[in-house]
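Numbering (the working numbering) for the sequence shown: 81 to 203. Heads up, the thing below is written out as structure tokens.
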Amino acid sequence: MAKQDAQAIEWLKSSYLQTAKDDIALDRKLSVMLFGRDIQYVLLMHIGALDSIMLPDLLDLFKKEGFDFVSLEEAEKDPAYQSDPDEALLHGGTFLEQLTEARGLRYPPHADRPMDKLDAICK
Numbered sequence: 081m082a083k084q085d086a087q088a089i090e091w092l093k094s095s096y097l098q099t100a101k102d103d104i105a106l107d108r109k110l111s112v113m114l115f116g117r118d119i120q121y122v123l124l125m126h127i128g129a130l131d132s133i134m135l136p137d138l139l140d141l142f143k144k145e146g147f148d149f150v151s152l153e154e155a156e157k158d159p160a161y162q163s164d165p166d167e168a169l170l171h172g173g174t175f176l177e178q179l180t181e182a183r184g185l186r187y188p189p190h191a192d193r194p195m196d197k198l199d200a201i202c203k
């Protein structure tokens, strides 16, 4: 954003939503693999400049994907959150990714995050 690189900003916007969609699909697969069902999910965001711009589109994506928003207290009533992965991931990760790693399970097929291009743009 600081560089005012319009082409990179447009790629970031489209990549942001595609990556969110891919992550939704992966977490749903992991949820079924780990718990045999779709759990109540918790959305944790670290808001930066792009996140604040993309938030309305991200919330629309969640709605299109069939998510309903509930309080954290309500979501945490899901028995899945009785599990403690006790697994810190080097580059962070979702609760479900932490559980997958902690249990030594293989990930189902999924799209890779575009980290190389992101790293190149953000230098």
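Ideal Cβ positions, reconstructed from N, Cα and C, are used throughout, including at glycine.
Whose C-beta lies closer than 7 Å to the C-beta of residue i among residues of the same chain, with five residues either side of it excluded?
{"i": "residue 174", "result": "107"}
{"i": "residue 137", "result": "97"}
{"i": "residue 88", "result": "201"}
{"i": "residue 166", "result": "182"}
So the alpha helix (DSSP H) residue i belongs to, where does it begin and stop?
{"i": "residue 177", "result": "175 to 182"}
{"i": "residue 201", "result": "195 to 201"}
Can you tell me the Cα-Cα spacing of residue i and residue j, whole angstroms?
{"i": "residue 183", "j": "residue 122", "result": "21 Å"}
{"i": "residue 144", "j": "residue 170", "result": "31 Å"}
{"i": "residue 83", "j": "residue 116", "result": "46 Å"}
{"i": "residue 172", "j": "residue 127", "result": "16 Å"}
{"i": "residue 188", "j": "residue 133", "result": "31 Å"}
{"i": "residue 162", "j": "residue 142", "result": "25 Å"}
{"i": "residue 91", "j": "residue 168", "result": "30 Å"}
{"i": "residue 201", "j": "residue 101", "result": "21 Å"}
{"i": "residue 198", "j": "residue 153", "result": "34 Å"}
{"i": "residue 157", "j": "residue 93", "result": "34 Å"}
{"i": "residue 155", "j": "residue 177", "result": "18 Å"}
{"i": "residue 147", "j": "residue 112", "result": "16 Å"}
{"i": "residue 109", "j": "residue 149", "result": "20 Å"}
{"i": "residue 28", "j": "residue 140", "result": "Nothing can be reported for residue 28: it is not among the residues displayed for the chain, which extend from 81 to 203."}
Three-state secondary structure (DSSP) at residue i?
{"i": "residue 125", "result": "coil"}
{"i": "residue 96", "result": "helix"}
{"i": "residue 150", "result": "coil"}
{"i": "residue 187", "result": "coil"}
Which same chain residues, not among the five before or five after residue i, have their C-beta less than 8 Å away from its C-beta?
{"i": "residue 195", "result": "none"}
Could you name the residues of the same chain whose beta carbon sits closer than 6 Å to that of residue i, not counting the 5 residues immediately before and after it, in chain order?
{"i": "residue 114", "result": "179"}
{"i": "residue 192", "result": "none"}
{"i": "residue 119", "result": "111, 158 and 160"}
{"i": "residue 190", "result": "106"}
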